[in-house]
Amino acid sequence: MHDVLTRSSADIYRSLIAQTSSKVAARIAAASQPFSGASRSELEGLVANVDLDSDGVGTPRALTEIDELFLEHAVWFHHPSYAAHLNCPVVLPAVAAESILAAVNTSVDTYDQSTVGTLMERRLIEWTTQRIGFTHGDGIFTSGGTQSNLHALFLAREAALTRIDAPRPHAIAKLVVLATASSHFSVGKSALLLGLGDDAVITVADDGHGRMRADALAAAIDRAEASGRVPMAVVATAGTTDRGVIDPVETIADVCDRRGVWLHVDAAYGCGLLVSSRRRHLIDGIERARSVTVDFHKSFFQPVSSSAVLVREPRDLGAGAWHADYLNPLENDEPNQVDKSLQTTRRFDALKLWVTLRAMGPGRIGELFDTVVDLAAEVSAHVDADPELELIGRSQLSTVLFRALPAGTDATTQDALVASVRRVLLESGRAFVAKTVIDGRPCLKLTLLNPETNLDDVRGILEMVKDAATTLAGISPDLDETMDDLVGTEATA
Ligand SMILES: *Cc1c(COP(=O)(O)O)cnc(C)c1O
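Residue numbers for the sequence shown follow the numbering used here, beginning at 782 and rising by one.
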């Protein structure tokens, strides 16, 4: 019986990982499209059919099943026709490191569970704060940008509460957060989780391209204060999820400094700029933030999860410290990261970034991110020049927003085509694009994060979009009904 990874099963582990990685390698090499195109009902059947209560079948057979169930139908972010969400193909040193941390199973909550791992995580936090430009700075790895934003806004709330002379519930009800309509939804969700009022997130006007207007921010702060509210934080987004634009951090920081408001910069998407030699200036001023979110699992090409929240003032992180006799006794001077984290047991995700930086160097990561930003600019120009496509806005990062304009269609049909085109492509498995809403109208979105994808690959996706749109618009005015037919023909094509 060798179910547990111990000294006596180390050899089994070695061959198991070798067999597993060759299965995965075969799938990665063979993937001819980003998804099999299996229907949802087919997948539901496959999942429901597995008997999770039967006696175990043994690891080799369980993995063969997974090859057929999961790998066969996985969505492949490394495929050049995957261009939907902020998912990246992963760099090899990080994947190798992931297998190390899975086997060692370090938890970086306390020093006595991780020793050198804690020190390595701290060194990477210091590295990140230096890239940001904080003089001292501190931070913690998190599960993702959502958690980082929640954590930062929690710290901002606690800092704001120390300045309000009222019982806690009354004081919390006064707090507001200011952000543009393009900020990530986790800002609103955090406000809910932090117990702020329903009207606590104030939308600051943008410049028409999705970037916050600093004058509108100042006016919104004035209005909030005039009505008795207390601005708890301004969230500037360095790389909005849809438009890929960057709020003017420097001028926003001027406003925040003058008004004494906590500035949080959500650089979940734009953090790759920290290592870009050509575009670092786009986030100038980020060092004036009180807190910053970075998602290494977006623009640093790291496997999920790998993210961090950074603070300019190390003492700010203390707001969440809590003591448990069994974990972090007060008389203990060990560097217990649990004091700084919302989590307790926590993955040693930092190891992946560590190995990546050592293997490739930060400059290489920056080049990879610059490559996808360059590609998005090329693709935008291509879309703009195509009369059958309409380019919407210009990303400063790697998204491309657009709509298909089949000949003879009006705006209502073009809007309706957005959802159907996306679905047809998804169900064929041949290409993945996302859909979103910009200025009240639906549109398609490409998020380009694969440095090996080139313009021809993306042209291929755009041709599929145009074909689907033309077919859908031509077959029948009722797009939903015709789609099923179309999906059928695509799947057998
Ligand atoms: C993706 C994203 C987030 C959320 O990050 P997760 O890692 O998905 O939790 C937050 N903010 C922005 C701007 C993002 O693009």
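Ideal Cβ positions, reconstructed from N, Cα and C, are used throughout, including at glycine.
A quick note: this is a predicted structure, and the numbers were derived from the prediction, not measured.
TODO: With a cut-off of 8 Å on the beta carbons, I'd call alanine 1254 and threonine 1190 a contact; round off their distance for me.
DONE: 5 Å
Task: Cut-off 7 Å between Cβ atoms - residues of its own chain near leucine 850, not counting five sequence neighbours on either side - done: Leu827
Open item on the list: ligand 1 and aspartate 1047: does any heavy atom of the ligand fall closer than 7 Å to the residue's C-beta?
Closed with: yes
Open item on the list: Taking its Cβ as the centre, do 16 or more other Cβ atoms sit within 10 Å of phenylalanine 1275, making it buried, or is it exposed?
Closed with: Residue 1275 is absent from the structure shown; the chain starts at 782 and stops at 1274.
Task: DSSP bridge partner residues for histidine 965 (one or two, in chain order) - done: DSSP, once it has assigned bridges, lists no residue as partnering histidine 965.
Open item on the list: Rounded to whole angstroms, what is the Cα-Cα separation between valine 1015 and aspartate 1165?
Closed with: 34 Å
Task: Per-residue burial, isoleucine 881 [other beta carbons within 10 Å of its own, 16 or more giving buried] - done: exposed
- [ ] Using the Cα positions of threonine 1270 and arginine 1203, report the straight-line distance between them to the nearest angstrom.
- [x] With a pLDDT of only 46 at threonine 1270, under 50, the local geometry of the prediction cannot be trusted, and no value is derived from it.
Task: Where histidine 854 sits in the DSSP three-state scheme - done: helix
Task: Environment of arginine 795 [buried if 16+ CB atoms lie within 10 Å] - done: exposed
- [ ] Measure the C-alpha to C-alpha separation of glycine 1099 and valine 1046 and round it to an integer number of angstroms.
- [x] 20 Å
Task: Burial state of glycine 925 (16 or more Cβ within 10 Å) - done: buried
Open item on the list: If you reduce the DSSP assignment to three classes, tell me which class arginine 1096 lands in.
Closed with: helix
Open item on the list: Give me the DSSP bridge partner(s) of glutamate 1031.
Closed with: For glutamate 1031, which the question treats as bridged, DSSP gives no partner whatsoever.
Open item on the list: Here's the rule: buried if 16 or more other CB atoms are within 10 angstroms of the residue's CB, otherwise exposed. What is valine 897?
Closed with: exposed
TODO: Kindly examine ligand 1 and report whether one of its heavy atoms sits closer than 7 Å to the Cβ of leucine 1227.
DONE: no
Open item on the list: Could you check whether the Cβ of isoleucine 1033 sits closer than 8 Å to any Cβ belonging to chain B?
Closed with: The structure shown contains no chain B, having only a single protein chain.
Open item on the list: For ligand 1, is there any heavy atom lying closer than 7 Å to the beta carbon of threonine 984?
Closed with: no
Task: serine 820: CB within 7 Å of a non-hydrogen atom of ligand 1 - done: no
Task: Cut-off 6 Å between Cβ atoms - residues of its own chain near threonine 1217, not counting five sequence neighbours on either side - done: Asp1023 and Lys1226
Open item on the list: Quick check on the DSSP output: the beta strand (DSSP E) that includes threonine 801 runs from which residue to which?
Closed with: Looking at the DSSP string, threonine 801 is not in any beta strand (DSSP E); the run it does join, the alpha helix (DSSP H), is 791-811.
Task: Whole-angstrom distance between histidine 866 and alanine 1197, CA atom to CA atom - done: 21 Å
Task: Cβ contact check for the stretch 840-858 and the stretch 808-821: 3 or more pairs under 8 Å - done: yes
Open item on the list: Measuring alpha carbon to alpha carbon, tell me which residue in Asn1117, Ile798 and Lys1079 is nearest aspartate 1106.
Closed with: Asn1117
Open item on the list: In the DSSP output, what is phenylalanine 1183 paired with across the bridge?
Closed with: Leu1172 and Leu1225
Task: Helix, strand or coil at alanine 1272 according to DSSP, with G and I counted as helix - done: Bear in mind that a pLDDT of 41 at alanine 1272, under 50, signals an unreliable position, so the model cannot answer this.
Task: Status (buried if at least 16 other CB within 10 Å, exposed otherwise) for histidine 860 - done: buried
Task: Counted within 10 angstroms of its Cβ, other Cβ atoms place tryptophan 857 as buried (16 or more) or exposed - done: buried
- [ ] Give a single yes or no on whether asparagine 930 has its beta carbon closer than 7 Å to a heavy atom of ligand 1.
- [x] yes
Task: Sub-8 Å separation of alanine 941 and valine 1011 beta-carbons - done: yes
Open item on the list: Assuming contact is defined by CB atoms lying nearer than 8 Å, are serine 862 and phenylalanine 1082 in contact in what I supplied?
Closed with: no
- [ ] Confirm, please, whether the CB-CB distance from serine 1080 to aspartate 1151 is below 8 Å.
- [x] no
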